[in-house]
Structures are given as structure tokens and as C-alpha cells.
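Residue numbers (full-length UniProt numbering): 1 to 362.
Quick look at the structure:
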């Protein structure tokens, strides 16, 4: 039987979000209904609200979530009612050319629930953010979007792995291949950049250099594991990174801003044969210009990192276990917990840069 729950809707471009009644259908084949316990307020949700993703309004926002599986549809065997899960937005297909080559983190045919959640009263179909829509008491997803983890972890912490924190940690470990003794620079110290710093520390980096224009963010980065900080309004970040790495540049530079000028800084701040990882999300109109001879002459690798090149079934349980062992401080990413009707205010605080993460707790 379909259920009615409260959810946060973005009705139109740049319009204030509002709490509406949402109809959740029974799960069909390969689907699951999840009772949401916590969901982080991510920049991607703000992009949806601003029309920066697409114009398929109205959106059911929220995607950085953890909760309890309530019911599953036909053919679901990996999760069962009562399981504590983190939701992900890349349920791998297992059949595409990437999956068949043993690289499911590159899956080219990820999927979401087939049925649509709707607005009560009008029956209007909703577009769930990243195929999840978790600013709601319950949501409908593909069962493959549910990753079972140790229920000992706090939901407000666990849900953050569903997007931003995983993107940053994965950019360092999975994409950048940071390992023991490496020097790492992270340009842009928001939530994703700080997660990249935490990932670099977890991997055993010898030197971790945080770059930002905000001293308060640099202080947070230092708490997250940065060994050095650089305010790029006061000094040239490329020169600063080179001076902190014996004149060579960093082994891995992670660009967590998504702008041409900061990407160029990352490119020239790496060591010869070093690696640049772009995890910041650019806008469609942005262009990058680099001398092709420099691209050729410096060698190394220029990579982009999408969702931290993660495989949720592999990475989520591992990172939760590391957190429970005290080796990965996820609590530091939670600035505040809020109620469902405070999401609009959380967007305002995000825009001002006041928070790492606001988390809706049900």
C-alpha cells in the first residue's frame, strides 16, 4: 500500500523550498523503501534548487542519507527489511563494458528506481535528487542504491559517505592513489576538500598542504589533518606548495573548487610526473587553456574524480569500520543537526560558508 510522508520539495528555479506531502509507492521488482534517519545538506541539492542540474522541477531534494530498509520488492536479495544502509547514487548494473572488465566504479549504466514518487493531491511526479530524494521521512530507491553497514555508527555521520565525504576521500585514495610518504596539496577546503585531506592522512601522506582564501576554512583543514596551510590571497599557492615540497611540487594535487584558475594552479603545483585530480565541479561555460607542450613535458596524470571513483559495496563498509575504530573522524564534518523544515535556512548558511555540513535528523 502506498504511503504518504513529508518531504522537502524544490518547486521551481530559485524558489524557496517547502515541505509537502509525498506519496511513496510500494517497491516494485529490484526496489526498496527506506525509512530515512538522517540526510546531509549538500551543495548538489542547492544546485538542483537553482536549476543548475536540469529543469525537471519539482525536485524531491536530499541524497546524502542513511536509514533503515522498510520493505523490498521482488528479486531483492542483497538487503532485507531492518538493514541499516547508506544510500548511494550509483547502483552499478554489473553488465556494461566497465563492469564486465572488473571496473564497476566506472559503471556506464547506473540505475535508480523505476517507479515515481508523487505529490499528494495533484499526483504530479517528482524528480528525486540524484535518484534518491532523501529529505523525506521515507524514500523509494533501487535496491542497489542501498549499502548495508554496521548499525553501530550514528546515522548523521554515516549518511555523509553517500556523497561529499566519499567524493573527497575517494579523490585522494581511489583516484589520486595517495600512499605512504606522498606529499599532497588540496586546493579548496570546503567539505569535499577537507574529506580529501582526511583521506590523504588516512593513506599515510607525509605532507598535506591545504590551500584556500578563507582563514577559518584553513583552520578547519588543519584540524582535519593538514600539516601546512596556505592562504592564496596572501601568497602565490604554486610557489608556496613548491617551497613546502623541497622545490619540486606535490606528488598529488587535488583541485576541489572546479574553476579554470585553480585547476591551472594545481597543474603547475605538482611535481614532474605528479598527479592532478579534479573533484571540484565546474559549470558548463568554463574553459581551460594550457600550453600543450607543458602537458606533454610534465608527464604524470591529469584525472577527474566522479564520486571519488568509489564502489559503495566496497568502500562504505570499510570507511565506517575505520570510523568506528577511531581512525577516521567523520563527526568533525557535522556542523549542526536540523529539522526537516530548516533546509532553506541551511542553504543560506551554506551560501555564506558558515558550515561544513548541516544534517537533517528525523
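The beta-carbon is built from N, C-alpha and C at its ideal position, and this holds for glycine as well.
Test item: CB-CB of residue i and residue j under 8 Å
| i | j | result |
| --- | --- | --- |
| residue 120 | residue 22 | yes |
| residue 356 | residue 229 | no |
| residue 299 | residue 256 | no |
| residue 186 | residue 210 | yes |
| residue 145 | residue 231 | no |
| residue 310 | residue 170 | yes |
| residue 286 | residue 260 | yes |
| residue 118 | residue 188 | no |
| residue 303 | residue 276 | yes |
| residue 191 | residue 347 | no |
| residue 295 | residue 176 | no |
| residue 6 | residue 340 | yes |
Close beta carbons around residue i, own chain, < 7 Å, minus the five adjacent residues each side
| i | result |
| --- | --- |
| residue 99 | 92, 93, 107 |
| residue 64 | 39, 40, 42, 159, 160, 162, 163, 164 |
| residue 96 | 107, 108, 109 |
| residue 349 | 355, 358 |
| residue 48 | 10, 59, 61, 129 |
| residue 79 | 32, 69, 72, 85, 143, 146, 148 |
| residue 74 | 29 |
Simplified DSSP assignment, three categories, for residue i
| i | result |
| --- | --- |
| residue 118 | strand |
| residue 232 | coil |
| residue 241 | helix |
| residue 368 | The chain is shown from 1 up to 362; residue 368 falls before or after that span and cannot be answered. |
| residue 169 | helix |
| residue 59 | strand |
| residue 177 | coil |
| residue 343 | helix |
| residue 225 | coil |
| residue 335 | coil |
Neighbourhood of residue i by C-beta, 6 Å cutoff - its chain only, sequence neighbours within 5 removed
| i | result |
| --- | --- |
| residue 35 | 67, 68, 70, 138 |
Cutoff 8 Å: residue i Cβ touching any chain C Cβ
| i | result |
| --- | --- |
| residue 305 | The displayed structure is made up of one protein chain only, and chain C is not part of it. |
Whole-angstrom C-beta distance between residue j and residue i, which should lie under 8 Å
| i | j | result |
| --- | --- | --- |
| residue 203 | residue 172 | 6 Å |
| residue 324 | residue 150 | 6 Å |
| residue 244 | residue 207 | 7 Å |
| residue 153 | residue 320 | 5 Å |
| residue 224 | residue 197 | 5 Å |
Same chain, Cβ closer than 8 Å to residue i, neighbours up to 5 away in sequence not counted
| i | result |
| --- | --- |
| residue 222 | 210, 229 |
*Could I get the ranges of all uninterrupted beta strand (DSSP E) runs contained in the stretch 181–211, with 3 residues as the minimum, in chain order?*
DSSP runs (the beta strand (DSSP E)) wholly in the stretch 181–211: 183–187.
*Could you give the uninterrupted runs of the alpha helix (DSSP H) lying entirely in the stretch 246–333, keeping only those of 4 residues or more?*
The stretch 246–333 is shown to contain whole alpha helix (DSSP H) runs of 4 or more residues at 260–269, 292–298, 312–324, in chain order.
_Contained alpha helix (DSSP H) runs [length at least 4] in the stretch 70–139, N- to C-terminal order_ = List check, alpha helix (DSSP H) in window: 97–100.
_Completely contained alpha helix (DSSP H) runs for the stretch 10–63, where each covers 4 or more residues_ = You should have 43–49.
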